[in-house]
Amino acid sequence: MRETDKRSELLTIGELAKITGVNIKSLRYYEQVGVLLPVYINPDSGYRYYSLAQVSAVELIQACVEIGLPLKELHRFSDPNNSIDYLSFLSYSEELMKQKIDSLQQNLKGMQEVKEEINLLKTYRHSKKQHIRQLSEKYLYVFPYQPTDNKKTLYTEAANLFDRSMEAGYEPLYDFGILYEFMDKNVHQYMYIEIKPTKNVGNNIKILPSGEYACRFSPKSYGEHLPELFPEIFEKKSTIFAIEAEASTGTLEEIVYEIRVFSEGMND
């Protein structure tokens, strides 16, 4: 077949760009990283030509871009003939997209919780009474901690806890604060950061059950003196979990604490 006949069956880079909707600059970059090589290069002009089959290859590359897969990793899915193993790629992409969807859902959940906190704060901020919140089960990564009035220290320790949780193989979320575990006359204090639910429940994991929590907002930290705010709950002898965390106020100028208390049998 003559060269002119060969080229008549191929696409110029401009034609490929028009068909796929991908700009020429991107197509050239795909060649540079080795994921879209021209089937023919004119030795005189240097013009690149592509086959019709490579239209699908460009669509695959775009899928990589959409799901955040580095293009250089596309070589992982090449078969011995240097063609893309679509089944392996699609299986990998499916799993990666599920992870991204899960991450987006966690982010959405976090945003909804912040929105709820701001609305609750507007309603109950100056109330002398507790209000009840129905909260879902939470997994907390904890570390023994002695609370301090130094906010810089608090945030530094929270950042350290964030790193520790990841090093331990957990996925930290946004909520952090101080967890108090009241057992009879003893109280154990921990700094916590919420993590995604996990089956790997080690010694540093505390699980707060779902259910009704008695809550109050306060301009100051109560710490071990939380029983003063919820005397009717702390009169009981069951184990009581209490969380003290900075509430989302919707502003950057002030700090307000939200105290959440769960007691076994408190709703009996």
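End of the sequence shown sits at 268 in full-length UniProt numbering; the numbers just go up one at a time, nothing left out.
All C-beta atoms, glycine included, are put in the ideal place defined by N, C-alpha and C.
Keep in mind it's a predicted model, so treat the numbers as computed, not measured.
Return the CA-CA distance between Lys18 and Glu9, expressed in angstroms with no decimal places. In this structure, the CA atom of Lys18 is about 16 angstroms from the CA atom of Glu9.
Nearest to Met191 by alpha carbon, out of Asp184, Lys199, Lys206? Lys206
Would you mind reading off the limits of the alpha helix (DSSP H) that contains Arg28? 24 to 32
I'd like to know whether the C-beta atoms of Leu120 and Ser210 end up nearer to each other than 9 angstroms. no
State the DSSP-derived secondary structure class of Phe89, mapped to helix, strand or coil. helix
Can you tell me whether Ile165 is buried or exposed? The criterion is at least 16 other CB atoms within 10 Å of its CB, across all chains shown. A small correction: the amino acid at residue 165 is Ser; Ile does not occupy that position in the sequence shown. Per the 10 Å Cβ criterion, buried.
Would Val22 and Val58 qualify as a contact pair, given that the criterion is a beta-carbon distance under 9 angstroms? yes
Could you check where the beta strand (DSSP E) with Asn160 kicks off and where it finishes? It is not in any beta strand (DSSP E) - Asn160 instead sits in the alpha helix (DSSP H) that spans 151 to 167.
Spatial distance of Tyr50 from Tyr92 (CA atoms): 27 angstroms
Flag this pair as yes or no: are the beta carbons of Tyr170 and Ile195 separated by less than 9 angstroms? With respect to the 9 angstroms criterion, Tyr170 and Ile195 are classified as neighbours on the basis of their beta carbons.
Got a sec? Which residues, its chain only, sit under 6 angstroms from Glu224 by beta carbon, not counting five neighbours each side? Val187
Would you mind working out which of Ile259, Leu96, Tyr40 sits nearest Glu246, comparing C-alpha positions? Ile259
Among Val35, Glu244, Val55, whose alpha-carbon lies nearest the alpha-carbon of Glu15? Minimum Cα-Cα distance from Glu15 among the listed residues Val35, Glu244, Val55 corresponds to Val55.
Measure the alpha-carbon distance for Ser103 versus Lys128 and round it to whole angstroms. 38 angstroms
Apart from the five residues on each side of it in sequence, which residues of its chain come closer than 8 angstroms, Cβ to Cβ, to Gly202? Within the same chain, Cβ atoms closer than 8 angstroms to the Cβ of Gly202 are found at Ala168, the five residues on either side in sequence being excluded.
Looking at the strands, I want to know which residues DSSP matches up with residue 269. In the structure as shown, the chain begins at 1 and stops at 268. Residue 269 is therefore absent and cannot be evaluated.
Per-residue DSSP class, three states only, for Thr37: Checking the sequence, you will find Leu at residue 37 rather than Thr. In this structure, Leu37 counts as coil in the three-state DSSP scheme.
Straight-line Cα distance separating Tyr30 from Ile24: 10 angstroms
With a 10 Å radius around its C-beta and 16 neighbouring C-beta atoms as the bar for buried, classify Ala242 as buried or exposed. It counts as buried.
Work out the CA separation of Tyr174 and Ile13 for me, nearest whole Å. 46 angstroms
Is the beta carbon of Cys215 less than 9 angstroms from the beta carbon of Arg133? yes
Measure from the alpha carbon of Thr239 to the alpha carbon of each residue in Tyr257, Leu179, Gln106, then state which is nearest. Leu179
Relative to the alpha-carbon of Leu52, which residue among Leu69, Tyr139, Pro38, Leu90 has its alpha-carbon at the smallest distance? It is Pro38.
Between the Cα of residue 288 and those of Phe77, His75, Glu244, Leu140, spot the shortest distance and give me the residue it belongs to. Residue 288 is absent from the structure shown; the chain starts at 1 and stops at 268.
Examine the ligand HEM and report whether any of its heavy atoms sits within less than 8 angstroms of the Cβ of Ile24. Of the ligands one can find in the structure shown there are none, so the ligand HEM has no counterpart to examine.
Let me check one thing: in DSSP terms, what residues is Ser51 bridge-paired to? Answer by DSSP bridge pairing: none, since Ser51 is not bridged.
Please identify the residue among Phe234, Tyr257, Glu232, Ile233 whose C-alpha is closest to the C-alpha of Glu244. Of the listed residues, the one whose Cα sits closest to Glu244 is Tyr257.
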